[in-house]
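What follows is a single structure, written as structure tokens, with notes after it.
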Amino acid sequence: MINSHAHLDFDNMNSVAENAVAIVPSIGQQNWIDVQMYPYFAFGIHPWMVESHSQQELDHLEYLIKCNNPVAIGECGLDYIKDIDKETQLHFFNSQLIMAEKYDLPIIIHAVKATEDVIFLLKKYSKLRGEIHGFSGSESQAKQLTSMGFYLGFGMQILNQKSTKIRQIVKNCPLEFILIETDDHHNPNDLQLVAEEIAKLKKIPIDTVTTQCDNNAILLFNLK
Ligand SMILES: [Zn+2]
């Protein structure tokens with residue numbers, strides 16, 4: 203089973219079974235070295251971190267992308283719940299979208315209360331592919347994004363019975379556009395629980411879920 207988004211390098215992470223495969227995204231210059239310990243990693247600057255980065259780090263990010271073969275760019279994006287300057291967030295996100303297109307790499311997007319702006323920006327780059335991880339947008343935004351070929355990542359939040367909106371989106375979203383993840387949840391092995399919940403919501407066998415989600419990750423991130 204492929205974990206499409208797990209911060210395995212974070213301190214509070216329990217060790218993962220040896221056979222686990224995960225995409226390990228970075229959040230900024232502070233973990234660009236650490237994530238490279240894992241077979242599949244991504245380089246990016248997280249929207250929460252943009253104020254501690256400058257053009258110099260954006261240039262360094264591009265250099266790393268050119269030299270170190272990440273499977274993706276990210277995570278990057280927009281977060282309008284946080285009190286972080288919007289213009290700065292937009293500048294860093296847009297710069298990383300340009301790099302994703304230039305180096306033909308998928309983009310891993312963090313979008314919180316900002317999915318509308320994310321969709322607006324993605325439309326400017328027609329060749330881009332990628333995923334919205336930890337999807338928290340609306341049903342119609344989910345439809346727009348999948349019709350643009352973007353994948354939606356779902357994690358432990360779908361196990362919460364109170365998350366009725368997001369559980370409904372999982373039910374209706376074609377399996378061909380779903381990725382499973384544990385993000386910064388301390389036990390990345392709980393990925394199995396996410397897959398089981400999707401199977402329950404869609405009333406399909408769990409094997410169908412894991413096989414298709416693995417294939418989706420392999421296809422998007424070009425995994426060998
Ligand atoms: Zn993350």
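Just so we're aligned: 242 in the numbering used here is position 40 of the sequence shown, and the numbers increase by one with no gaps anywhere.
C-beta atoms are modelled at their ideal positions from N, C-alpha and C, and glycine is treated no differently.
For residue i, list the residues DSSP reports as bridge partners.
i	result
Asn205	Ala224
Phe379	Phe379 is not bridged to any residue.
Tyr353	Glu333
Val314	Asp281
Asp385	Ala208
Ile309	Ile275 and Gly332
Could you tell me whether any non-hydrogen atom of ligand 1 is closer than 7 Å to the CB of residue i?
i	result
Asp385	yes
Pro272	no
Glu333	no
Glu277	yes
His388	no
Pro308	no
His293	no
His207	yes
Pro227	yes
Taking 7 Å as the cut-off, does the CB of residue i come closer than this to any heavy atom belonging to ligand 2?
i	result
Pro241	Absent from the structure shown: ligand 2. Ligands present: ligand 1.
Starting from the Cα of residue i, find the closest Cα among the options and give me that residue.
i	options	result
Ile283	Lys315, Ile311 and Val320	Lys315
Asn424	Pro249, Gln257 and Gly332	Gly332
Pro249	Asp213, Glu289, His262 and Lys404	Glu289
Ala313	Asp281, Gln370 and Asn374	Asp281
Gln238	Gln257, Asp211, His262 and Glu259	Asp211
Gly336	Ile380, Asp213 and Asn374	Ile380
Thr384	Lys367, Gln359 and Gln363	Gln359
Gly339	Leu323, Leu324, Thr317 and Lys326	Thr317
Asp213	Phe294, Ala401 and Asp386	Asp386
Handout entry: Segment contact, 8 Å Cβ cut-off, at least three pairs: the stretch 242 to 255 with the stretch 267 to 274
Key = Contact between the stretch 242 to 255 and the stretch 267 to 274 is present, because at least three Cβ pairs lie under 8 Å.
Problem - Three CB pairs or more closer than 8 Å across the stretch 348 to 355 and the stretch 386 to 393 - result: Short answer: they don't touch.
Exercise for the section: Pair every Cβ in the stretch 365 to 372 with every Cβ in the stretch 324 to 331, then say whether three or more of these pairs are closer than 8 Å. Expected result: By the criterion of at least three beta-carbon pairs nearer than 8 Å, the stretch 365 to 372 is not in contact with the stretch 324 to 331.
Handout entry: the stretch 397 to 408 / the stretch 229 to 238 touching (three or more Cβ pairs under 8 Å)
Key = These segments do not touch.
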